[in-house]
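This report refers to the structure that appears directly beneath it.
In the working numbering, the protein residues as written are 119 to 816.
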């Protein structure tokens, strides 16, 4: 398989994992990606030889650069002590204590090999940390400490790992050389990152001053920065490319924020969204590659008769527990130290366990452990290599699975905050003199959607009625989805949904009667009747279906349309005539539904909440059916379409303006948080941009 074909397969696997995760959100997407990679290797016989250098440069470097760019700088500075303690001292403690513990537990592994295994398992994986943090609500400080730690600890762990491996290969170990090598890689990596990050941002700003930097240049230049920094640090300077990338990202962000006036808003937004797509794909590719490497890593040890399979798995679980226990004890010791220094803090073992569970390992560990040579300098086989690779694979998977299962149980709260978002998109809440907001983001979106609908109703005239119905119908679909997603307001949301179902059944019955009358009056052919009857059957089946099966229902509708077109193509009747009869049937059935709904509502006399909800729900459905009538009428001419586009844009912008005013009103009334108001405004801005782009203006 060529490199291009391989990349297509891998990216397809990432896309497939995204689809699966949408239907099974309780399981982290990273586990699906590992499973897809495993299937590709086991069933598709795909094998990728992982080279540590290109893996770190192509995957880990841009992810670390993105994380360091987006990481809150104030929290990074305020929490520098615990971050550095975890990233350096904890890694060294885990390497030494864990190495001796592994050597005692598994005598087959020599002490240098045990130290190497402990070293490669000591740093947390930045990609895995992101995958966990997006699903679980962690304490704010712990969240930032774990994220900041994952930016720095790779260098400590990987340098320790390489030192132990070189000692095993050479058969000698010189402590002074190891410490000097560690100091050089760290210090020079930091200096290189600062210098290169500042220099590249300086070049970008210099180009921008002369008006030569467009959106494409700015985006490509920013995407290339981590690769250039990593290559220079690892190549000519022989330093840690990962440390250089992290410090370069922080430096570049600080300088970029100070000179943000040189950049256009368009360049910034395009760059941010480009990075989101790139990082998402790279994250997925890392875990898919991890899954591809697992079968080969497991195969050798499972075939080894010198050690039983159950014993090998037991070794992997025991090593995970050693690393986990060391992290828990370390976290508890840090809490005790803080308690001595600040008496108001109370140490809790539960917080220490949460910290231990967040120490997940990932593809960086596997990429490093797979670089262990097969032979030593003396030409002898590297003793225990297969067992080390197998144990590392077990620890990686076990840490992900247990963190995914245990963290939601321990924290007992799902995450609503994504610390990986850009700082510009994350608001710092006003903690002084601002009461707790009582409206969630979904409910606020439902409110502003209703305001947009009301604004469109006020703008309705005879000449724009068809377009008004179209725009209202779209917003009603959005409101319906939001209404069903809100389970906290059982009194009104569920009642409205119940009345909507009742009215839809009335409309459906009227449509069936109208369809049968058209057949009896010979206004439509039996084929048209059959196709429309099946459409109504599918619609009726969807009324009582679970909302979680919306994707499956969409596939059923797609399959129904394909079958219907196939039947029309095979029939003896003229296809154009069948489609004309279908449009005619749609219009007549919609008219019957509107009449049935109007008659039913007119019989409901009163002004109670029940009657108001009933009338509002009926009106919403009537608008949908009116839009159906307009949609199945004759196709407008080109000139009419141009005129409709202008009217549609004008109405859409007025509705969005009303929604934006409602967001400001809710925020002024302190009903929503600042972050919610930012998210809602961003949502409206995207809708406005989409409407303007759709105009295709010259």
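Virtual Cβ for every residue (Gly too), placed ideally from N, Cα, C.
Fair warning: this is a prediction, and the values are worked out from it, not measured in the lab.
{"Check": "Best match in 342, 777, 793, 792 for proximity to residue 803 [C-alpha to C-alpha]", "Outcome": "777"}
{"Check": "Beta-carbon spacing of residue 205, residue 270 below 8 Å", "Outcome": "yes"}
{"Check": "Outcome for residue 769 when other beta-carbon atoms lying within 10 angstroms are tallied against a minimum of 16", "Outcome": "buried"}
{"Check": "Three or more C-beta pairs below 8 Å linking the region 206 to 224 and the region 386 to 395", "Outcome": "no"}
{"Check": "CA nearest to the CA of residue 474, picked from 521, 179, 629, 405", "Outcome": "521"}
{"Check": "CB of residue 774 within 8 Å of CB of residue 806, strictly", "Outcome": "yes"}
{"Check": "Nearest to residue 718 (by Cα), restricted to the options 748, 620, 796, 763", "Outcome": "620"}
{"Check": "Cβ distance (whole Å) where residue 741 is taken to contact residue 591 below 8 Å", "Outcome": "6 Å"}
{"Check": "Residue 241 versus residue 160 - alpha carbon distance", "Outcome": "29 Å"}
{"Check": "Buried versus exposed call for residue 222 [16 or more other C-beta atoms within 10 Å across all chains shown]", "Outcome": "exposed"}
{"Check": "Assigned secondary structure, residue 344 (DSSP; H/G/I helix, E/B strand, else coil)", "Outcome": "helix"}
{"Check": "Span separating the alpha-carbon of residue 539 from that of residue 797", "Outcome": "Unreliable positioning characterises residue 539 in this predicted model, as indicated by a pLDDT of 36, which lies under 50. The coordinate reading is nonetheless provided below. Roughly 12 Å separates the two Cα atoms."}
{"Check": "Proximity below 8 Å, CB of residue 361 to CB of residue 440", "Outcome": "no"}
{"Check": "Contact under 8 Å by Cβ, residue 402 with residue 369", "Outcome": "no"}
{"Check": "Three or more C-beta pairs below 8 Å linking the region 649 to 663 and the region 730 to 740", "Outcome": "no"}
{"Check": "Alpha-carbon spacing of residue 579 relative to residue 692, whole angstroms", "Outcome": "39 Å"}
{"Check": "Cβ contact (3+ pairs, closer than 8 Å) linking the region 215 to 234 and the region 501 to 517", "Outcome": "yes"}
{"Check": "Contacting residues, own chain, Cβ-Cβ under 8 Å from residue 549 (five flanking each side not counted)", "Outcome": "Only weak support exists for where residue 549 lies, its pLDDT of 41 falling under 50; the coordinates are left without a value."}
{"Check": "Limits of the unbroken alpha helix (DSSP H) element including residue 709", "Outcome": "693 to 720"}
{"Check": "For residue 606, the three-state DSSP class (helix, strand or coil)", "Outcome": "Bear in mind that the predicted position of residue 606 carries a pLDDT of just 43, short of 50, making it too unreliable to give a figure here."}
{"Check": "For residue 225, the three-state DSSP class (helix, strand or coil)", "Outcome": "coil"}
{"Check": "Contact under 8 Å by Cβ, residue 714 with residue 628", "Outcome": "yes"}
{"Check": "Residue range of the alpha helix (DSSP H) that includes residue 427", "Outcome": "427 to 459"}
{"Check": "Residue span of the alpha helix (DSSP H) that contains residue 188, given as start and end", "Outcome": "179 to 188"}
{"Check": "Pick from 430, 319, 339, 310 that is closest to residue 354, judged by C-alpha positions", "Outcome": "310"}
{"Check": "Euclidean distance between Cα positions of residue 304 and residue 779", "Outcome": "52 Å"}
{"Check": "Those runs of the alpha helix (DSSP H) which lie wholly inside the region 551 to 598 and span at least 4 residues", "Outcome": "559 to 576"}
{"Check": "Distance CB(residue 858)-CB(residue 283) smaller than 8 Å", "Outcome": "Because the chain in this structure spans residues 119 to 816, residue 858 falls outside the shown range and cannot be described."}
{"Check": "Opposing strand residues paired with residue 93 [DSSP bridges]", "Outcome": "Nothing about residue 93 can be read from this structure; the chain reaches only from 119 to 816."}
{"Check": "Candidates 177, 448, 512: closest to residue 396 by CA position", "Outcome": "177"}
{"Check": "Neighbourhood of residue 647 by C-beta distance below 6 Å, restricted to the same chain and skipping five residues each side", "Outcome": "637"}
{"Check": "Residue range of the unbroken alpha helix (DSSP H) whose run includes residue 136", "Outcome": "121 to 141"}
{"Check": "Whole-angstrom C-beta distance between residue 483 and residue 185, which should lie under 8 Å", "Outcome": "Actually they are not in contact, since the Cβ atoms of residue 185 and residue 483 sit about 17 Å apart, beyond 8 Å."}
{"Check": "Best match in 157, 589, 508 for proximity to residue 421 [C-alpha to C-alpha]", "Outcome": "508"}
{"Check": "Residue 200 - containing alpha helix (DSSP H), residue span", "Outcome": "198 to 202"}
{"Check": "Buried/exposed call for residue 367, threshold 16 Cβ in 10 Å", "Outcome": "buried"}
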